[in-house]
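The next block holds one structure in the form of structure tokens; read it before the comments.
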Amino acid sequence: MAAANHSPSSPYSCGKDSGPVIPTTSLVTFLERIQETAFQTYERSKFDHKDFIDLSLKFDLSTTVKAFDEISKTENGSVSTKDFEEFIGKWFKSAGEDLVYVEPMDFETEPHGFLPKVENPEVRAWALEVHGLWKKLSRAVSSSVHDHPELHTLLPLPVPGMIPGSRFREVYYWDSYWVIRGLLASKMHETAKAIVTNLISLLDTYGYVLNGARAYYTNRSQPPLLSAMVYEIYNRTGDVDLVKKALPALLKEYQFWNSEIHTMIIHDAENCNHSLNRYYAMWNKPRPEASAIDKRFASKFLNVNEKQKFYRELASTAESGWDFSTRWMRNPSEFTSLSTTTILPVDLNAFILRMELDIAFFAKIVGEDAIAEDFLTASHTRKKAFNSVFWNENMGQWVDYWLNYGAEPKEPQTWEAQNQNQNVFASNFVPLWIDLFNSDTPLVEKVTRSLQSSGLLCAAGIATSLTNSGHQWDFPNGWAPIQHMIVEGLWRSASTEARKVARDIAERWIRANYVAYKKTGTMHEKYNVEKCGEYGAGGIYRPQTGFGWSNGVVLTFLEEFGWPKDQNIDCN
14 MAAANHSPSS PYSCGKDSGP VIPTTSLVTF LERIQETAFQ TYERSKFDHK
64 DFIDLSLKFD LSTTVKAFDE ISKTENGSVS TKDFEEFIGK WFKSAGEDLV
114 YVEPMDFETE PHGFLPKVEN PEVRAWALEV HGLWKKLSRA VSSSVHDHPE
164 LHTLLPLPVP GMIPGSRFRE VYYWDSYWVI RGLLASKMHE TAKAIVTNLI
214 SLLDTYGYVL NGARAYYTNR SQPPLLSAMV YEIYNRTGDV DLVKKALPAL
264 LKEYQFWNSE IHTMIIHDAE NCNHSLNRYY AMWNKPRPEA SAIDKRFASK
314 FLNVNEKQKF YRELASTAES GWDFSTRWMR NPSEFTSLST TTILPVDLNA
364 FILRMELDIA FFAKIVGEDA IAEDFLTASH TRKKAFNSVF WNENMGQWVD
414 YWLNYGAEPK EPQTWEAQNQ NQNVFASNFV PLWIDLFNSD TPLVEKVTRS
464 LQSSGLLCAA GIATSLTNSG HQWDFPNGWA PIQHMIVEGL WRSASTEARK
514 VARDIAERWI RANYVAYKKT GTMHEKYNVE KCGEYGAGGI YRPQTGFGWS
564 NGVVLTFLEE FGWPKDQNID CN
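Next up, the structure:
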């Protein structure tokens with residue numbers, strides 16, 4: 014039984030929310046009012062809250078606010094659809110107008126040496142279509158954003174980059190890793206480097222890589238994969254200048270993730286203290302991009318302090334990238350029991366372990382031997398913490414660890430077996446992606462057997478959890494990043510059985526993506542792994558297409574595993 018089920022029903026009733034808050038801009042605050050009015054004016058099914066927070070002003074803010082205040086409104090704050098749409102058309106540029114299409118500098122219709130292992134003509138033709146999607150997803154920030162940043166929520170970036178697609182019109186942090194993997198398969202090395210340039214620019218400006226390149230994302234980051242991006246590009250190109258440029262930024266990012274708000278100390282059974290990391294957004298109000306909806310969820314709380322704590326949990330869950338999932342809920346049937354800041358997530362700590370190994374590697378390349386030694390030591394210390402805090406021998410998995418209520422960052426908590434969340438999530442297998450673990454063959458074989466018997470392996474890939482909650486990071490949805498990390502971890506091992514499972518999962522995922530593409534004409538953000546060729550659903554916004562990381566993972570899998578000439582690609 015998971016620790017979550019042993020906990021009190023309300024995590025927000027004790028103590029004050031005293032965590033840091035990064036203030037937002039006056040424009041974002043005003044656009045939240047516009048979003049709330051849209052929520053009152055339109056039917057829910059016709060309303061995407063993000064569309065209204067992504068609007069750009071045609072005129073200065075004070076004039077626009079005055080015009081809005083003069084519109085006649087009903088008691089509940091709504092206006093007539095006609096008046097509202099006339100106001101929006103007169104005073105705003107549409108969401109997305111702050112970005113302009115640019116042709117990627119290194120795009121070729123069929124690059125030399127593209128996917129040499131793909132021999133099947135049907136699959137090759139499809140792969141070239143997916144490759145062609147990079148042209149559709151390439152964007153640069155408009156000159157207006159650079160010249161008049163006060164009129165936009167989009168943040169200026171130095172060079173063109175790739176967006177995920179659909180409502181996700183801006184650059185996102187962790188999506189970028191799998192976009193880069195796909196770009197490398199497409200031989201688009203310069204575009205891949207440009208993405209890193211933009212992320213480093215955000216890091217230099219804010220002290221951390223933002224969730225995405227919008228003013229309303231400045232209060233949180235996302236899973237820290239910048240070092241992994243730099244590593245993959247260096248691995249292909251040998252670009253030492255990129256490593257030299259990235260290393261100072263990565264040291265700054267490491268400092269951010271190991272700052273007081275993100276670290277907790279666990280005292281284990283062998284009398285050792287382990288410093289481990291959590292998600293913790295610097296925000297305690299409704300997320301601007303979903304403000305109207307967040308307020309409705311928070312309405313069940315009676316006092317301001319409880320609401321603030323809940324809003325911080327919402328934003329911290331968004332920082333995890335898994336927004337939303339029963340993984341973060343003390344009570345899986347109650348959304349308002351989100352408690353992400355009281356969890357030490359196994360995958361976040363795997364990403365930071367990877368960062369430590371990558372920084373050690375980069376430091377060695379540029380001759381910073383003392384830094385290399387320090388980070389190698391840090392990685393081995395964190396590996397011990399994985400064994401002591403996250404590893405569950407009976408399950409053969411690494412699992413999230415729940416903190417006790419009221420935990421303070423500087424005060425060690427004593428490890429308790431009952432605080433391990435023993436529910437099965439795909440994240441329990443993400444540490445396989447790290448070479449310190451996938452190089453241990455007996456361990457890999459144990460974890461592989463656990464994965465095979467976990468219930469997560471489905472007809473079309475790996476499910477995110479075993480709970481069909483209606484949240485998008487739960488069953489039956491499968492996501493490209495999860496498939497990739499687990500498959501790559503298994504494939505890098507020396508275990509014949511693990512490598513066989515890796516190939517099988519990759520083939521199921523490729524088929525599912527292919528068949529869905531043939532049916533719908535597009536790549537999707539997520540897929541239903543119960544049914545080959547069906548895209549995913551659930552969550553608080555409509556299913557999205559495009560789609561950056563899905564394209565990247567398909568191309569990466571096809572590059573690694575290929576597709577034989579006579580092998581059927583349809584669902585069977």
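Residue numbers (the working numbering): 14 to 585. Every residue gets a Cβ at the ideal spot worked out from N, C-alpha and C, and that includes glycine.
Straight-line gap, Gln557 to Gly178 (C-alpha atoms, nearest Å): Position 544 of the sequence shown, counting from 1, holds the residue named residue 557. Position 165 of the sequence shown, counting from 1, holds the residue named residue 178. Answer to the nearest angstrom: the Cα atoms are 7 angstroms apart.
Three Cβ pairs or more, each shorter than 8 angstroms: is that satisfied between the region 484-496 and the region 403-418? no
Quick one: what's got a C-beta closer than 7 angstroms to Asn18's C-beta in the same chain, skipping five residues either side? Translated into positions along the sequence shown, residue 18 becomes position 5. With a pLDDT of only 39 at Asn18, under the threshold of 50, the placement of this residue in the model should not be trusted; the figure read from the coordinates follows. In its own chain, leaving out the 5 sequence neighbours on each side, no residue places its CB closer than 7 angstroms to the CB of Asn18.
Buried or exposed by the 16-neighbour rule on C-beta atoms within 10 Å, applied to Lys206: The residue labelled residue 206 in the question sits at position 193 within the sequence shown. So Lys206 counts as buried.
Going along the chain, which residues of its own chain have a beta-carbon closer than 6 angstroms to the beta-carbon of Asn526, five neighbours each way excluded? On the sequence shown, position 513 is the one that residue 526 refers to. Cβ-Cβ distances below 6 angstroms link Asn526 to Val567 in the same chain, with the five nearest sequence neighbours on each side left out; the list follows chain order.
Out of Gly483, Phe442, Asn451, point me to the one whose CA is closest to Gln465's CA. Position 452 of the sequence shown, counting from 1, holds the residue named residue 465. Answer by Cα proximity: Phe442.
Residue(s) in a DSSP beta bridge with His165: Translated into the one-based positions of the sequence shown, residue 165 becomes position 152. None; His165 has no bridge partner.
Let me confirm a value: His393 is counted as buried when at least 16 other C-beta atoms fall within 10 Å, else exposed. Which label applies? The residue given as residue 393 occupies position 380 in the sequence shown. It counts as exposed.
Span of the alpha helix (DSSP H), counted from its first residue to its last, around Val443: For the purposes of this step, residue 443 is taken as residue 430 along the sequence shown, with counting starting at 1. It is not in any alpha helix (DSSP H) - Val443 carries neither H nor E in the DSSP assignment.
What would DSSP say about Lys59, mapped onto helix, strand or coil? What you label residue 59 is simply residue 46 of the sequence shown in a count that begins at 1. Three-state result, Lys59: helix.
Relative to the alpha-carbon of Ser508, which residue among Thr461, Gln321, Lys397 has its alpha-carbon at the smallest distance? The residue given as residue 508 occupies position 495 in the sequence shown. Nearest option by C-alpha distance: Thr461.
Less than 8 angstroms between the C-beta atoms of Ala311 and Leu40, yes or no? Taking the sequence shown and counting its residues from 1, one reaches residue 311 at position 298. Taking the sequence shown and counting its residues from 1, one reaches residue 40 at position 27. Contact flag unset, no.
Cβ contact (3+ pairs, closer than 8 angstroms) linking the region 138-148 and the region 558-565: yes
Between Tyr292, Trp335, Ala153, which lies nearest to Gly551 when the distance is taken from Cα to Cα? On the sequence shown, position 538 is the one that residue 551 refers to. It is Trp335.
Residue environment, Arg555, which counts as buried when at least 16 other CB atoms sit within 10 Å: What you label residue 555 is simply residue 542 of the sequence shown in a count that begins at 1. Exposed, by the Cβ-count rule.
Chain-order list of residues whose beta-carbon lies under 8 angstroms from that of Asp4 (same chain, five-residue window excluded): Look at the range of the chain in this structure, 14 to 585, and you will see that residue 4 is not part of it.
Please state whether DSSP places Tyr554 in a helix, a strand or coil. Taking the first residue of the sequence shown as position 1, residue 554 is located at position 541. When DSSP states are grouped into helix, strand and coil, Tyr554 belongs to the coil group.
C-beta contact flag for Trp191 and Pro494 at 8 angstroms: Numbered from its first residue, the sequence shown carries residue 191 at position 178. Numbered from its first residue, the sequence shown carries residue 494 at position 481. The answer is yes: Cβ separation under 8 angstroms.
Where Lys322 falls, given that 16 or more other Cβ within 10 Å makes a residue buried: Within the sequence shown, numbered from 1, the residue matching residue 322 stands at position 309. Looking at its Cβ environment, which holds 16 or more other Cβ atoms inside 10 Å, Lys322 is buried.
Answer yes if the region 569-585 comes into contact with the region 83-96, meaning at least three C-beta pairs across the two stretches below 8 angstroms, and no otherwise. no
In the DSSP assignment, find the alpha helix (DSSP H) that holds Ser333 and state where it starts and stops. Numbered from its first residue, the sequence shown carries residue 333 at position 320. Note, Ser333: alpha helix (DSSP H), 317-333.
Whole angstroms are fine: how far does the CA of Asn481 sit from the CA of Met536? Within the sequence shown, the letter at position 523 stands for residue 536. Within the sequence shown, the letter at position 468 stands for residue 481. Looking at the two C-alpha atoms, the distance is approximately 23 angstroms.
Spatial neighbours of His125 in its chain, beta-carbon cut-off 8 angstroms, leaving aside the 5 residues before and after: Counting from one through the sequence shown, the residue named residue 125 turns up at place 112. For His125, where only same-chain residues beyond five positions count, the Cβ hits under 8 angstroms are Lys200.
Answer with buried or exposed for Glu332, where buried requires no fewer than 16 other C-beta atoms within 10 angstroms of its C-beta. One-based indexing of the sequence shown puts residue 332 at position 319. Buried is the label assigned to Glu332, since at least 16 other Cβ atoms lie within 10 Å of its Cβ.
Ignoring anything shorter than 4 residues or poking outside the region 346-422, list the alpha helix (DSSP H) runs there in chain order. Segments of the alpha helix (DSSP H) lying fully in the region 346-422: 359-378, 382-398.
Rounded separation between Leu263 and Ile372 - CA only: In the sequence shown, residue 263 corresponds to position 250, counting from 1. In the sequence shown, residue 372 corresponds to position 359, counting from 1. Taking the straight line from one Cα to the other gives about 7 angstroms.
DSSP bridge partner residues for Val209 (one or two, in chain order): The residue labelled residue 209 in the question sits at position 196 within the sequence shown. Answer is none; Val209 lacks a bridge partner.
Could you tell me if Thr454 is buried or exposed, where buried requires 16 or more neighbouring beta carbons within 10 angstroms of its beta carbon? Looking up residue 454 in the sequence shown gives position 441. Answer is exposed; the Cβ neighbour count stays below 16.
Do you know how far the Cα of Ala430 is from the Cα of Phe97? For the purposes of this step, residue 97 is taken as the residue at position 84 of the sequence shown. For the purposes of this step, residue 430 is taken as the residue at position 417 of the sequence shown. One C-alpha to the other measures close to 55 angstroms.
Report the partner residues of His280 according to the DSSP bridge assignment. Residue numbering aside, residue 280 sits at position 267 when the sequence shown is read from its first letter. According to DSSP, which records beta bridges pairwise, His280 is partnered with Asn286, Thr427.
Quick one: what's got a C-beta closer than 8 angstroms to Glu121's C-beta in the same chain, skipping five residues either side? If you number the sequence shown from 1, residue 121 lands on position 108. Beyond the five residues adjoining it in sequence on each side, Glu121 comes within less than 8 angstroms, by CB distance, of Lys200 in the same chain, given in chain order.
Based on Cα-Cα distance, which residue from Asn434, Thr37, Tyr530, Ser107 lies nearest to Asn297? Along the sequence shown, one-based indexing puts residue 297 at 284. Selected option, being the one with the closest Cα: Thr37.
Ala104 versus Leu170 - alpha carbon distance: As a position in the sequence shown, residue 104 is number 91, starting the count at 1. As a position in the sequence shown, residue 170 is number 157, starting the count at 1. Looking at the sequence shown, residue 104 is not Ala but Trp. Computed Cα separation, rounded: 25 angstroms.
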